[in-house]
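Colleague: In this note's numbering, the protein residues as written are 911 to 1123.
Glycine is no exception: its CB is placed at the ideal position from the N, C-alpha and C atoms.
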């Protein structure tokens, strides 16, 4: 509504003000203020509600992961190290938290903005609106291409950070054998390699995001 109010102010209210008619410009100011207050109130309500839902989902998910991990067989825990289990129950949940708290809000905002702006453009200027809507097709193809590449890179990054956490957790859990057999230098070298791989995959993920933006 903001751009329409500004357009009305330029086309109608300002000429009326020059003609010593202050009513339209005052109405525009009041209308813009009301729109800003309404937008702020809706944003506050949405942020509060989404945060509550997100935390409820994550709380339930963490509880389910813990209960499921306890219910798994001894054979599973012997094959699947505790470090990997910790990594999956922390980093993956943290990624989901970021998606729910940031990505979901941005996605809803973008979708609503696109629908609103497209409808207004088609209403104000059919030709210009059609061009704007048609530009969504190449944008959709670019997003699909980015999603394909980013999915592969982010899987590698998740695996890399999982390996770092696994190595750290297993080393700390077995610190007595490490000290007894003088494995500090060997573990340090292995951890340095894993940490370097995580740094590289994290950099690749950031570069991929930069290319898309």
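1) What distance in whole Å lies between the Cβ atoms of residue 1076 and residue 991, which are believed to be in contact at a cut-off of 8 Å?
2) Taking residue 960 as the reference, which of 1003, 1010 and 1029 has the closest Cα?
3) What three-state label does DSSP hand residue 1017 in the structure shown?
4) When DSSP labels each residue in this structure, what does residue 956 get in the three-state scheme?
5) Taking only the alpha-carbon atoms, compute the straight-line gap between residue 989 and residue 968 and give it to the nearest angstrom.
6) Do residue 1042 and residue 1031 have their CB atoms nearer than 8 Å?
7) Going straight from the alpha carbon of residue 1071 to that of residue 1013, what length do you get?
8) Count the other CB atoms, across all protein chains shown, that sit within 10 Å of the CB of residue 1067; report buried if there are 16 or more and exposed otherwise.
9) Can you say whether residue 957 is buried or exposed, counting buried as having 16 or more other CB atoms within 10 angstroms of its CB?
10) Cα separation between residue 925 and residue 1109?
11) State the CB to CB distance for the pair residue 1023 and residue 1039, rounded to an integer number of angstroms; the pair is presumed to be in contact (CB under 8 Å).
12) To the nearest angstrom, how far is the alpha carbon of residue 934 from that of residue 1034?
13) Output the boundary residues of the alpha helix (DSSP H) element that contains residue 1035.
14) Measuring CA to CA, which of 946, 984 and 1063 is closest to residue 1118?
15) Do residue 1079 and residue 996 have their C-beta atoms within less than 8 Å of each other?
16) What first and last residue would you give for the alpha helix (DSSP H) that runs through residue 882?
17) Work out the CA separation of residue 1097 and residue 1084 for me, nearest whole Å.
Modeller: According to the structure shown:
1) 6 Å
2) 1010
3) helix
4) helix
5) 27 Å
6) yes
7) 21 Å
8) buried
9) exposed
10) 60 Å
11) The pair is not a contact, with the Cβ atoms about 15 Å apart (cut-off 8 Å).
12) 22 Å
13) That residue, residue 1035, is in no alpha helix (DSSP H); it is neither H nor E in DSSP.
14) 1063
15) yes
16) Any answer about residue 882 is impossible in this case: the structure gives the chain only from 911 up to 1123.
17) 11 Å
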